[in-house]
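The sequence shown: position 163 = 163 (this note's numbering), numbered continuously.
Every residue, glycine too, gets a C-beta built ideally from N, C-alpha and C.
Note that this is a predicted model, so its numbers are computed, not measured.
Notes follow the structure.
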Amino acid sequence: MISETPTRMQRVAAEEFRTQVEKISGARLPIVTEPAGSAVKIFIGASPSNPVTADGLEFGAYRITSGDGWLALIGDDSDFVPVEPFAKSNNDIPRAQAEWEKILGAPYGRPGGGTYKHRFRLPGTTGKPDSATTDPKEVMELWGLDERGSFNAVCGFLRKLGARWYLPGEIGEVLPKMASIPLPEIDETVKPDFRLRQFNFRFGNCGLDTAMWAMRLGIRNDERLFIAHGLSAMTNREAVFAQHPDWFAIYGGKSDYKPGDSKCQLCYSNEELFREAVRYARALFDTYPLETVSIMPPDGYTAICQCEKCKGKDSPERHERGRLSNHVWDFVNRVAKEVAKSHPGKKILNCAYGVYTLPPDNIDKLEPNVQVCIVGGRRPVNKGGSKGEGEAAPEALRAAWVKKTDNPLIIFENFPFTDRGWYLPAFATHALFDTVAATRDISDGEDIWLSAGRDFATNGIAFNHFQVWFTARSYWSAVEPDADTLLSEYCRVFYGPAETEMRAFFDFCEAHWQEMEDDKAKADEALALFEKAKTKVPANSVPREDSRLPPQPYAARLALIDDFLNGLRMKSQQLGQKRGPVPVVRMVGEARDVVIDGALDDAFWQHCPTASTGRLRELQTGRLPTFTTSFKTGWLGSNLYLAIRCDESPGEAPNDTATGEDDPAIFYGDAIELEIATETHSYYQIVISPNGHLVDLDRGASKKGALGWDSQAEVATQIADDHWTVEIRLPITSDENDPLHQIIGRKPTQSLPWHLNVCRQRIREDGQEFSALSPTGAASFHEPLKFAHFYAGQSHQFESDPSVTDFALGFSRAARERKAASFLALAEMEKITDFQKSAALEQSALFDKANAESIIERIPLEPVKKTARMRHLLATGKAAEVVTEFGNDDSWPFWQRGEALLARGRAYSAIKNGEAADRDLTAALPWISDAKTRQAASVAIGRNRESNLNDMDGALKAYQAVIEGRDRLGGADEYSALQGLARVLTKQGRFEEALAALNRANPEKLQGTWRTHFQKSIDEVKAAQKASR
1 MISETPTRMQ RVAAEEFRTQ VEKISGARLP IVTEPAGSAV KIFIGASPSN PVTADGLEFG
61 AYRITSGDGW LALIGDDSDF VPVEPFAKSN NDIPRAQAEW EKILGAPYGR PGGGTYKHRF
121 RLPGTTGKPD SATTDPKEVM ELWGLDERGS FNAVCGFLRK LGARWYLPGE IGEVLPKMAS
181 IPLPEIDETV KPDFRLRQFN FRFGNCGLDT AMWAMRLGIR NDERLFIAHG LSAMTNREAV
241 FAQHPDWFAI YGGKSDYKPG DSKCQLCYSN EELFREAVRY ARALFDTYPL ETVSIMPPDG
301 YTAICQCEKC KGKDSPERHE RGRLSNHVWD FVNRVAKEVA KSHPGKKILN CAYGVYTLPP
361 DNIDKLEPNV QVCIVGGRRP VNKGGSKGEG EAAPEALRAA WVKKTDNPLI IFENFPFTDR
421 GWYLPAFATH ALFDTVAATR DISDGEDIWL SAGRDFATNG IAFNHFQVWF TARSYWSAVE
481 PDADTLLSEY CRVFYGPAET EMRAFFDFCE AHWQEMEDDK AKADEALALF EKAKTKVPAN
541 SVPREDSRLP PQPYAARLAL IDDFLNGLRM KSQQLGQKRG PVPVVRMVGE ARDVVIDGAL
601 DDAFWQHCPT ASTGRLRELQ TGRLPTFTTS FKTGWLGSNL YLAIRCDESP GEAPNDTATG
661 EDDPAIFYGD AIELEIATET HSYYQIVISP NGHLVDLDRG ASKKGALGWD SQAEVATQIA
721 DDHWTVEIRL PITSDENDPL HQIIGRKPTQ SLPWHLNVCR QRIREDGQEF SALSPTGAAS
781 FHEPLKFAHF YAGQSHQFES DPSVTDFALG FSRAARERKA ASFLALAEME KITDFQKSAA
841 LEQSALFDKA NAESIIERIP LEPVKKTARM RHLLATGKAA EVVTEFGNDD SWPFWQRGEA
901 LLARGRAYSA IKNGEAADRD LTAALPWISD AKTRQAASVA IGRNRESNLN DMDGALKAYQ
961 AVIEGRDRLG GADEYSALQG LARVLTKQGR FEEALAALNR ANPEKLQGTW RTHFQKSIDE
1021 VKAAQKASR
């Protein structure tokens, strides 16, 4: 029985009752509007025939009452009516915005831009009386914002029969099997614990199965509550910035406005912004049936504006989550006080969030019309611990805020986002239930966000349904038992034969899920418990022994959890892999007074301890790269600082392919990459181009969600003639409640270090070079087990697994052994790149002259093969063949150019073509970064000028370059340079200088042949000196 003029949800409730009763009993009940005959009447919703009214039933409350031959299921079923201007679709947003601007007389944004996403459709026959006719094209349009009191009553009655809807679709449905349904004697009014039971499901987006499931759980969204980031909705528009640039925060001397960036911050000392915020709130209340208007800062607010008016208004002495509380809440409180004068009964809302989470200590009591919403007011599932820490712990926050306001609180929670890589089995039933119970006396309800896209019913559903179901049912304590009873029932009816094993699995996960991030044994035990559960259920659906239940898809339900646990399986494998030898970077001291301008001239950088610095090596082999990159690190407060210098070819501009923030084209040009795995999260990727464009990704998230993360880094770069620099400040937060902003972690220590890689790519038409602090031994920066240890504290030796190896480690070991066989073995490794194979074979050929030609033929990269052949020809006295074969070949990639020109220059020198030799040898120097090779090249230049060009001054310059600035000498090329200097100086009659040069080697302390050679050189100088007298 329904009304002749039913509301939308009255029709849906009637259809739901008929559909589910038919599934349970096989009987299809007619839907009518007038009572007739002696059949039992089921009154659904308000109607003239219903003996029960919905009076006093609000926010989804319902009543189930029976009488002689009738049953009433009733609640408030009011239709949601959107108020103009509102966008009816994405394409309609400009029209609605234009109408709003006309009302307001200003270009401020309009909230609720996605209201239309709550609209969805059902068949036109839904809930219609059997006697009604329906056009084949007719559809029923309804809103997720419609009140659903009678629908809740229907589900409440069905739940009494044993119906359960644990996840969307038929797979999540558990219905009893009954030949007859008795009419109960009942008079029950059920009220939810909270008016707001809001999840971020948009019924028009998430799909019909998910929408129906969410409704059956008794959730309730309320569009009258404008909650999050209201000032962003107001100000984040180009037209607003054009008219009011002074409203926006100043950072580094620039206004914080970037078109398309939703996180443009504001100056809360600006009085015009304050006045317009008041006018904006009043206009919203005048236009829309709102109960609250959000005056919350834009998302990602972490630093106070740097203008003169804002100076001293932050509270750096407070906990990081209260640094800007006084400043922000003062602004909100002042707005509320003004709005109360014109709109009594309306509220101004702000979230306790980020750096303004703690209550202000400069306000004893907030204005009566301030609505406080605590982000993370429960935190039932959190890697940092469900309790949080100190004054920022959820219970401490709630207690502190209750003292500041007489209004009930609102709780906002970010549940773990499976589309951002959450894999931990945090099936925390009791935490979900108990934390809700702790807020019942002080809260008006909750707004919960989780991964709720179009694929909600399939992607991550094994974990997400658990979070949502137990949370949603905890809002109805009047009819739901305790968490333990609910969990037992869930395991029994949903997993059937695996009931006992699944209960053991869930209990273990709740107790130990946090440990599974680092403890392989705990992860493996959880996986073993689940495997045991799987053995209890055959591959196909199994009927329970209880004949009241039809066959259930137990195996399919377990398969969903099986799929979700793949992430934990991968983590277990990672935990089983040990980190091999990697570099260590240790931060020392505090990075005080660092100005992010790219100059790297701050005192801290100038005196940065060596332990806090590093140089990059070639990514795949671990050799020195052609172009040097060095970096320095520091820490201050909750900020990580890095200063990076990238050497360049003089006069050659960097290749910057990025045109703006988050531009994927950045990967086609020169860039610095930071890979950062904190003690809490693995891992973040931050990419900076030479012009300071930034791409930041959360590599722990899905590919779809990775770009949604914002590091909020402060970056500056500078480009000079022969280098470019990067200076960056990365804000760090320990607050895991906002996974979309900032690096989450705590200052790294010996016991809880971070892992870091600093990487560089140099992309040119004539080659590419990749380098890293910790060479990965692969063609990718993304090898987390190769990231370096990164921490602050005393010097410490980290354990490493000596059995771990890769190509870069093997190449370094072979270089120490100096044996052809070692390099040949490397060349036979599986899954190495052509670049690596070429490097290994090139070195092998150097150490095995007898087989060099056959080894060289196996080199896959032509530039390396040609260079190796030139070296071999030189080693076998065939310099002329080098010139014949390669004299006209100048097509060298820049990373091979130095070695190639050096080899050919030596060949020209050997055949006495001094000018060609000098040209090649001199041209080789800028492309050689290895100090010893540069010394050898300079010695070769000196000998060629001395012997072939008779250019004694040029020879002196070349020889001096080898020893210039060096206090201690001992290398072969250094000794050769000293002897060369002595020869040239002797020819110039500068005998004392020649002897002084030779004496720099301390000949009397030399051993072996060098002692003999130097003594001979000294004798020759003295003989020439004597002959000249």
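Residue i in three-state terms, based on DSSP
i: PRO664; result: helix
i: TYR423; result: coil
i: HIS607; result: coil
i: MET502; result: helix
i: SER294; result: strand
i: TYR908; result: helix
i: GLU58; result: coil
i: TYR280; result: helix
i: VAL588; result: coil
i: LEU978; result: helix
i: GLN20; result: helix
i: THR1012; result: helix
i: LEU175; result: coil
i: PRO123; result: strand
i: TYR108; result: coil
i: TYR641; result: strand
Beta carbon of residue i nearer than 9 Å to that of residue j
i: THR302; j: HIS741; result: yes
i: ALA163; j: ILE24; result: yes
i: ARG943; j: GLY980; result: yes
i: PHE80; j: PRO192; result: no
i: PHE811; j: LEU824; result: no
i: LYS313; j: TYR356; result: no
i: ASP361; j: SER315; result: yes
i: SER638; j: PRO731; result: yes
i: TYR495; j: ALA533; result: yes
i: PRO408; j: ILE442; result: yes
i: ALA903; j: LEU874; result: yes
Limits of the unbroken alpha helix (DSSP H) element including residue i
i: GLU489; result: 483-495
i: MET870; result: 862-875
i: TYR683; result: Where TYR683 is concerned, there is no enclosing alpha helix (DSSP H), given that its DSSP letter is neither H nor E.
i: CYS155; result: 149-161
i: LEU560; result: 554-564
i: ASP368; result: The residue asked about is misnamed: residue 368 is Pro in this sequence, not Asp. Premise fails: PRO368 is in no alpha helix (DSSP H) and is neither H nor E.
i: GLU391; result: First-last for GLU391: undefined, no H or E at that position.
i: VAL335; result: 325-342
i: HIS430; result: 429-437
Burial state of residue i (16 or more Cβ within 10 Å)
i: LYS522; result: buried
i: PRO6; result: buried
i: GLU16; result: buried
i: HIS693; result: buried
i: THR535; result: exposed
i: SER547; result: Model confidence at SER547 stands at a pLDDT of 48, short of 50, so the residue's coordinates are unreliable and nothing is read from them.
i: ARG557; result: buried
i: VAL570; result: A quick correction: the sequence has Met, not Val, at residue 570. Label assigned to MET570: exposed.
i: ARG586; result: buried
i: LYS403; result: exposed
i: ARG11; result: buried
Endpoints, beta strand (DSSP E) assigned at residue i
i: LYS347; result: 347-352
i: HIS789; result: 788-792
i: ASN999; result: Segment 991-999 is the alpha helix (DSSP H) holding ASN999; no beta strand (DSSP E) there.
- prompt: Looking at C-beta atoms only, is the number of pairs between the stretch 798-805 and the stretch 588-597 that lie closer than 8 Å three or more?
  reply: No: fewer than three Cβ pairs fall under 8 Å.
message: Whether or not the stretch 231-247 and the stretch 95-109 are in contact is what I'm after, with contact meaning three or more pairs of Cβ atoms, one per stretch, closer than 8 Å; do they touch?
response: Yes, since at least three Cβ pairs between the stretch 95-109 and the stretch 231-247 fall closer than 8 Å, the two stretches touch.
message: Using a Cβ distance threshold of 8 Å, determine whether the stretch 171-190 contacts the stretch 552-566, with at least three qualifying pairs required.
response: Three or more Cβ pairs drawn from the stretch 171-190 and the stretch 552-566 lie within less than 8 Å of each other, which places the two stretches in contact.
Any 3 or more C-beta pairs closer than 8 Å across the stretch 474-489 and the stretch 425-433: The stretch 474-489 vs the stretch 425-433: in contact.
field: Inter-stretch contact (C-beta, 8 Å, three-pair minimum) for the stretch 913-933 and the stretch 884-902
entry: Flag = yes, the stretch 913-933 and the stretch 884-902 touch.
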